[in-house]
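Residue numbers (our numbering): 21 to 525.
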Ligand code: GLU
């Protein structure tokens with residue numbers, strides 16, 4: 021068989037915000053498609069009308085736009101295999117459901133939910149399968165005329181997949197190897213519901229993967245239990261030759277304790293589990309997003325790429341292009357990946373350091389402005405260069421840097437008690453005099469002159485500098501004093517000194 025062009029898909033159901041695990045699935049599909057020169061398709065699996073949530077589809081599209089994950093085809097992207105929204109493909113599915121019915125590989129079942137409940141009461145561990153289907157109301161047990169009559173009367177029915185027992189089913193998984201089960205444990209899954217005139221996830225998923233010529237199905241581990249059924253469906257349709265290769269990705273696990281990552285973990289420990297802020301249209305609840313929390317999309321991508329895969333080296337920081345080159349689906353771990361959100365914060369910090377001061381300043385400038393300060397880009401960039409290594413997020417800069425732009429109006433009490441000595445006011449008056457006399461206000465020159473003066477007066481360097489800092493900054497911490505004075509300029513430095521002397525005496 022000729023090598024097929026790699027085609028993979030990300031196929032979310034629009035049931036709410038996109039979970040961060042879904043983002044990782046999409047990312048791995050993206051990396052795989054890019055590295056094989058293949059196509060990445062965006063398909064919306066919306067056949068479960070009861071779970072449909074308005075706005076979810078748009079939310080997912082916007083998330084990927086923000087993250088820089090680009091699709092080649094699909095809902096909102098176009099392409100030759102559309103429509104890509106399953107609710108618009110009813111007629112297509114109908115045809116394939118009938119194909120299975122005609123081939124006696126599926127059957128029609130009329131059992132009502134109540135009747136099914138009764139059976140569940142009667143028979144322990146009831147499952148609709150080869151052992152029990154003969155006891156139920158379906159096209160295998162009812163005469164044909166009766167079946168036709170019920171349908172003509174408009175009775176609701178489902179189409180079930182007729183799974184034959186005794187067959188070994190192999191799922192050949194790129195990560196897990198050969199996963200084998202016996203068909204006996206599977207139930208006759210519902211493939212179609214007349215009430216919705218829509219297929220269920222299983223049928224639509226297989227038909228679309230086939231028609232869209234999907235070569236690899238890369239998805240979360242939670243879908244592994246469905247995979248044997250999917251293999252049997254490919255067989256029933258006679259599509260084994262073009263059956264996609266599966267890869268079931270490891271679960272994302274809680275940052276602490278056992279079990280898989282949930283939204284509640286995020287609420288409990290204070291980190292987002294969604295790419296963008298999400299406003300639940302039903303409950304009105306607002307959930308935080310990585311974007312709104314101040315993460316860089318590159319940092320989120322880098323963080324997620326390493327949850328379940330690693331390049332086998334010490335390297336941790338990767339561009340998307342580097343990931344495309346290095347990613348290896350077969351090297352993904354089988355074991356779940358702990359969602360270490362602190363590591364996500366670390367990645368953001370690293371990206372702050374890696375980005376140029378100008379880039380960070382561009383993000384910081386609007387915050388400066390919001391705080392009522394008019395400053396030049398050059399001066400904002402200067403502050404960023406002095407302070408960016410101290411923060412994990414751009415939005416942490418303002419509280420740390422505001423003193424550069426706004427003179428302190430009060431002085432931290434504890435620092436005053438500790439650092440403002442009896443003679444501090446007097447020493448600061450002298451220091452103001454010294455500074456007044458400095459013409460060349462460069463960092464080096466200020467340092468030389470001020471330290472020379474301290475030495476000549478036999479003052480303690482620490483005492484003078486601590487009081488000086490308190491006067492200019494209002495607290496006991498910050499960057500180098502002469503970096504600050506250099507930024508403030510002589511006039512502002514003196515103004516702040518005099519005010520502190522007056523207020524603190
Ligand atoms: N619609 C499924 C989901 O929401 C797709 C699973 C698959 O990729 O087959 O994740």
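All residues carry an ideal CB built from backbone N, CA and C; glycine is no exception. As the structure is a computational prediction, the values presented were derived from the model and not from experiment.
Based on Cα-Cα distance, which residue from the options lies nearest to residue i?
i	options	result
residue 61	52, 68, 349	52
residue 37	80, 144, 63	80
residue 408	382, 262, 433, 395	382
residue 375	396, 401, 351	401
residue 494	212, 419, 189	419
residue 390	360, 425, 212, 308	425
residue 283	480, 155, 361	361
residue 172	130, 249, 23, 208	130
residue 122	89, 280, 160, 397	160
residue 464	149, 500, 433	500
residue 497	508, 485, 506, 507	485
residue 229	511, 289, 441, 26	26
residue 511	468, 525, 459, 470	459
residue 442	466, 23, 487	487
residue 353	330, 339, 341	330
residue 301	34, 23, 289	34
residue 176	141, 187, 198, 214	214
residue 303	42, 74, 191	74
residue 113	212, 163, 278	212
residue 199	168, 267, 138	267
residue 138	155, 124, 150, 128	155
residue 341	23, 50, 42, 24	50
residue 185	253, 93, 236, 150	150
Is it the case that the Cβ atoms of residue i and residue j are separated by a distance below 8 Å?
i	j	result
residue 490	residue 414	no
residue 101	residue 269	no
residue 431	residue 520	yes
residue 40	residue 293	yes
residue 234	residue 349	no
residue 271	residue 241	yes
residue 523	residue 504	no
residue 384	residue 417	yes
residue 328	residue 54	no
residue 380	residue 344	no
residue 210	residue 178	yes
residue 182	residue 224	no
residue 64	residue 119	no
residue 147	residue 207	yes
residue 189	residue 245	no
residue 89	residue 46	yes
residue 57	residue 28	no
residue 514	residue 455	yes
residue 143	residue 152	yes
residue 295	residue 444	no
residue 285	residue 278	no
residue 238	residue 48	yes
residue 87	residue 372	no
residue 516	residue 427	yes
residue 364	residue 323	yes
Where does the unbroken alpha helix (DSSP H) through residue i begin, and where does it stop?
i	result
residue 229	221–231
residue 197	Counting along the chain, residue 197 falls outside any alpha helix (DSSP H), though it belongs to the beta strand (DSSP E) covering 197–202.
residue 402	397–407
residue 489	481–493
residue 355	First-last for residue 355: undefined, no H or E at that position.
residue 114	110–122
residue 521	501–524
residue 434	433–439
residue 2	A question about residue 2 goes unanswered here, because the residues of the chain that appear run from 21 up to 525.
residue 40	40–55
residue 383	377–390
Within the continuous beta strand (DSSP E) that includes residue i, where are the two ends?
i	result
residue 240	236–240
residue 126	126–129
residue 212	210–213
residue 162	Looking at the DSSP string, residue 162 is not in any beta strand (DSSP E), and its letter there is neither H nor E.
residue 181	178–181
residue 265	265–269
residue 189	188–193
residue 60	59–62
I want to see whether chain B comes within less than 8 Å of residue i, judged by CB atoms only; does it?
i	result
residue 269	Among the protein chains of the structure shown there is no chain B, as only one such chain exists.
Open item on the list: If contact is defined by three or more beta carbon pairs under 8 Å, each pair taking one atom from either stretch, is the region 304–320 in contact with the region 367–374?
Closed with: Verdict: yes, contact present.
Open item on the list: Taking 8 Å as the cut-off, does the region 213–223 touch the region 63–76 (at least 3 CB pairs, one atom from each stretch)?
Closed with: When Cβ pairs closer than 8 Å are counted between the two stretches, the region 63–76 is seen to touch the region 213–223, the count reaching three or more.
Open item on the list: If you measure from each CB to the nearest heavy atom of the ligand GLU and keep those under 7 Å, what residues do you get, in chain order?
Closed with: Cβ-based neighbours of the ligand GLU within the cut-off: 31, 32, 33, 42, 65, 221, 225, 237, 239, 240, 243.
Task: the region 469–478 in contact with the region 449–457 per 3-pair CB rule at 8 Å - done: Look at the beta carbons and you see the region 469–478 touching the region 449–457: at least three pairs across the two are nearer than 8 Å.
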